[in-house]
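First up is the structure itself, then whatever we jot down about it.
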Amino acid sequence: MVSFPTRYSTSAHFANAAAWAREQLEAMGYVARLQDIVVDGNPGQNVVADKEGHANGARGVVLVTAHLDSINTQGGPAAPAPGADDNGSGSAGLIEMMRAFEDHRGEHDLRAVLFGGEEEGLLGSKQYLANLPAAERERIRAVVNMDMIGTLNVPTHSVLIEGAPSSQKVIDRLSQAAMTYTRLAVETSLHPFASDHVPFIDAGIPAVLTIEGADGTNVHSGADTIDHIDYDFALEILRMNVAFVARMVGRVPRRGIS
Ligand SMILES: [Zn+2]
Numbered sequence: 111m112v113s114f115p116t117r118y119s120t121s122a123h124f125a126n127a128a129a130w131a132r133e134q135l136e137a138m139g140y141v142a143r144l145q146d147i148v149v150d151g152n153p154g155q156n157v158v159a160d161k162e163g164h165a166n167g168a169r170g171v172v173l174v175t176a177h178l179d180s181i182n183t184q185g186g187p188a189a190p191a192p193g194a195d196d197n198g199s200g201s202a203g204l205i206e207m208m209r210a211f212e213d214h215r216g217e218h219d220l221r222a223v224l225f226g227g228e229e230e231g232l233l234g235s236k237q238y239l240a241n242l243p244a245a246e247r248e249r250i251r252a253v254v255n256m257d258m259i260g261t262l263n264v265p266t267h268s269v270l271i272e273g274a275p276s277s278q279k280v281i282d283r284l285s286q287a288a289m290t291y292t293r294l295a296v297e298t299s300l301h302p303f304a305s306d307h308v309p310f311i312d313a314g315i316p317a318v319l320t321i322e323g324a325d326g327t328n329v330h331s332g333a334d335t336i337d338h339i340d341y342d343f344a345l346e347i348l349r350m351n352v353a354f355v356a357r358m359v360g361r362v363p364r365r366g367i368s
């Protein structure tokens, strides 16, 4: 992610990053596409990757999301914006989560979405939702958004799970997963703001943000570099999210020889 000079939403580098991410997901067997969006009058993209579930009858869908774009607010669109934590960490984390589910036979559908236009005002997630028919919205069982999951700002490994009363069940189940599978200290909040889970919550969909505890020091500048990323810590947040998604997607055994 950080090898792109910037992932500013309307830059050619962003388009390259989106195409690269789509290829990664497609190579794992997901049906992946680019969705055109508009960012301040210019073209941008979301990356959407799908894997169908195997339940007989009606299926829900579980969404894992992160914003792929980065920004350097002082330097402008062309300035270096490695965006290692914000949000290379969540974007790379999403791709690795999808790798974990590569051979998983879920009951429900699994969908990964990498948004553009987040730093310009959650534009990718807003436009994604605006284009989603009501019947498709109703199929969403949960949305797990990742935005900044890789920097250890305090000595304790901690995660903030942020949602709204409508996502309380998701918060509870993620907290359980953290307790069962990780050493993470869990903080929760019912006051969602400033990332791509918000448009989903505003639409009444059970969505949460998972984010490093005491987030954010070097973000939105050229200083958000990969040497600040703590991989063991990021892995713990991913482990929590994988456990939760596995539970929500369910599992269908393979037929035949057992
Ligand atoms: Zn962010």
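The opening position of the sequence shown corresponds to residue 111 in my numbering, with each subsequent residue numbered one higher.
C-beta atoms are modelled at their ideal positions from N, C-alpha and C, and glycine is treated no differently.
Just so you know, these numbers come straight off a predicted model, no measurement behind them.
Bounding residues of the beta strand (DSSP E) (the contiguous stretch that carries residue i)
| i | result |
| --- | --- |
| H338 | Careful: H338 lies outside any beta strand (DSSP E) and carries neither H nor E. |
| I147 | 141-149 |
| P187 | Taken as a continuous stretch (DSSP letters only), P187 belongs to no beta strand (DSSP E), as it is neither H nor E. |
| A176 | 171-177 |
| S299 | 295-299 |
| L224 | 219-225 |
Counterpart residues of residue i in DSSP-defined beta bridges
| i | result |
| --- | --- |
| E322 | V269 |
| E230 | In DSSP, E230 forms no bridge with anything. |
| V280 | Its beta-bridge partners do not exist; DSSP assigns none. |
| V355 | DSSP lists no partner for V355. |
| G154 | I147 |
| M256 | A176, T320 |
Per-residue burial, residue i [other beta carbons within 10 Å of its own, 16 or more giving buried]
| i | result |
| --- | --- |
| S121 | buried |
| S368 | Annotation note: pLDDT 49 at S368 (below 50); position unreliable, coordinate value reported separately. It is exposed - the Cβ of S368 has fewer than 16 other Cβ atoms within 10 Å. |
| E136 | exposed |
| S113 | exposed |
| E346 | buried |
| V329 | buried |
| M358 | buried |
| D306 | buried |
| G167 | exposed |
Unbroken alpha helix (DSSP H) run spanning residue i, endpoints
| i | result |
| --- | --- |
| S235 | 233-240 |
| M207 | 200-210 |
| A333 | Here A333 belongs to no alpha helix (DSSP H), and DSSP marks it neither H nor E. |
| V308 | 307-312 |
| L135 | 122-137 |
| R247 | 244-248 |
Residue from the options with nearest C-alpha to residue i
| i | options | result |
| --- | --- | --- |
| E322 | N156, I315, I259 | I259 |
| V141 | G185, A210, V158 | V158 |
| I336 | G203, D257, G193 | G193 |
| G332 | D195, S305, G154, G200 | D195 |
| H301 | S201, R293, T292, Q278 | Q278 |
| A313 | H267, T290, G273 | G273 |
| L404 | D213, M207, D340, M358 | An answer regarding residue 404 cannot be provided, because it is not within the stretch 111 to 368 covered by the chain. |
| T175 | R169, V352, A295 | V352 |
| T320 | A295, V254, G151, M358 | V254 |
| T116 | G186, M138, G170, A129 | G186 |
| A317 | M256, N152, E212, D340 | M256 |
| D213 | N241, K161, L239 | K161 |
Cutoff 8 Å: residue i Cβ touching any chain C Cβ
| i | result |
| --- | --- |
| P275 | The question asks about chain C, but that chain is absent: this structure has only one protein chain. |
>> Give me the pocket residues for ligand 1, defined as CB within less than 5 Å of any heavy atom, sorted by chain position.
In response: In chain order, the qualifying residues are D196, N197, D257.
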